[in-house]
Amino acid sequence: MEQINVRKIKITDYENIYTLNQELGYLYSIKKTKERIQNITENAKDIILVAEHGAEVIGYIHGSPYELLYMDLLINVLGFVVKEKYRNNGIGNELMNNLEQWAKKNGYSGIRLSTGFDRLNAHRFYQRHGFINVKKQMNFLKIFEKANS
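Numbering (full-length UniProt numbering), first residue to last: 1 to 149.
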């Protein structure tokens, strides 16, 4: 396989990010994906790194500051995916290692993430990278109704 390049996301990556998100089952519109990337890159403290193979973005990892009143500052992984046909080739390792280096350089004390109970391969990947399972939990979501405008 050709060399993989890891870099910060650009707004022009939105189509590839949209496709990767679909592989994870997230059916967020391409227009909103582009808007979200633009907003995050212009306004947020988040870091989004992409892995590219040639001109194609084949994976990404999205980290966001996780600030609590009872723990030192962490990076929270909000999204992490490698295109299926490129998995098990070290790309996820590159993305995770780059995020870890960035987090250390920027004063974070560690990385946290959540993953589905059934994603056993992902669990093994995280354990190989030194993550430990600290608790079992359930995630709840409440979507607000849109106000009439």
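For glycine and all other residues, C-beta sits at the position ideal for the given N, C-alpha and C. From a predicted model like this one, the values you see are computed outputs, not experimental measurements.
Exercise for the section: State the start and end residues of the unbroken alpha helix (DSSP H) segment that holds isoleucine 17. Expected result: Position 17 of the sequence shown, counted from the first residue, corresponds to residue 17. Unbroken alpha helix (DSSP H) run through isoleucine 17: 14-23.
Nearest to threonine 41 by alpha carbon, out of Asp13, Met71 and Arg112? The count along the sequence shown starts at 1 and reaches residue 41 at position 41. Ranking the options by Cα distance to threonine 41, first place goes to Asp13.
Excluding the 5 residues flanking isoleucine 30 on each side, which residues of the same chain have their C-beta closer than 6 Å to its C-beta?
Within the sequence shown, the letter at position 30 stands for residue 30. For isoleucine 30, where only same-chain residues beyond five positions count, the Cβ hits under 6 Å are Tyr18.
Check your understanding: Taking the continuous beta strand (DSSP E) assigned at alanine 103, which residues delimit it?
Key -> Position 103 of the sequence shown, counted from the start, is the residue given in the question as residue 103. It is not in any beta strand (DSSP E) - alanine 103 instead sits in the alpha helix (DSSP H) that spans 91-105.
Subject >> Validate contact between the region 110-129 and the region 38-52 using beta carbons, cut 8 Å, 3 pairs >> reply: no
Cα-Cα separation, valine 82 to asparagine 5
Numbered from its first residue, the sequence shown carries residue 82 at position 82. Numbered from its first residue, the sequence shown carries residue 5 at position 5. Between the alpha carbons of valine 82 and asparagine 5 lies a distance of about 13 Å.
Taking all protein chains shown into account, decide if alanine 55 is buried (16 or more other Cβ within 10 angstroms of its Cβ) or exposed.
As a position in the sequence shown, residue 55 is number 55, starting the count at 1. Result: exposed.
- [ ] Within the same chain, show all residues whose beta-carbon is closer than 8 Å to that of arginine 7, passing over the 5 residues directly before and after it, in chain order.
- [x] Within the sequence shown, the letter at position 7 stands for residue 7. Result list for arginine 7: Leu49, Val50 and Glu52, in chain order.
* So which of Gly107, Asn139, Gln101 and Ala103 has the shortest CA-CA distance to phenylalanine 117? -> For the purposes of this step, residue 117 is taken as the residue at position 117 of the sequence shown. Closest option to phenylalanine 117, Cα to Cα, is Asn139.
**Report entry** Start-to-end residues for the beta strand (DSSP E) that takes in asparagine 88
**Finding:** Locating residue 88 in the sequence shown gives position 88, where the first residue counts as 1. That residue, asparagine 88, is in no beta strand (DSSP E); it is neither H nor E in DSSP.
| query | With glycine 59 and glycine 92 assumed to form a contact (beta carbons below 8 Å), what rounded beta-carbon distance in angstroms separates them? | reply | Residue 59 sits at position 59 when you count from the first residue of the sequence shown. Residue 92 sits at position 92 when you count from the first residue of the sequence shown. Between glycine 59 and glycine 92 the beta-carbon gap is near 7 Å, inside 8 Å, which marks them as a contact.
Starting from residue 154, follow the beta strand (DSSP E) in both directions and report where the run begins and ends. Past the boundaries of the shown model lies residue 154; the chain is included only from 1 to 149, so the question cannot be answered.
Nearest to leucine 120 (by Cα), restricted to the options Ile111, Asn133, Ser109 and Arg112: Here residue 120 corresponds to residue number 120 of the sequence shown, with the count starting at 1. The shortest C-alpha separation from leucine 120 is found at Asn133.
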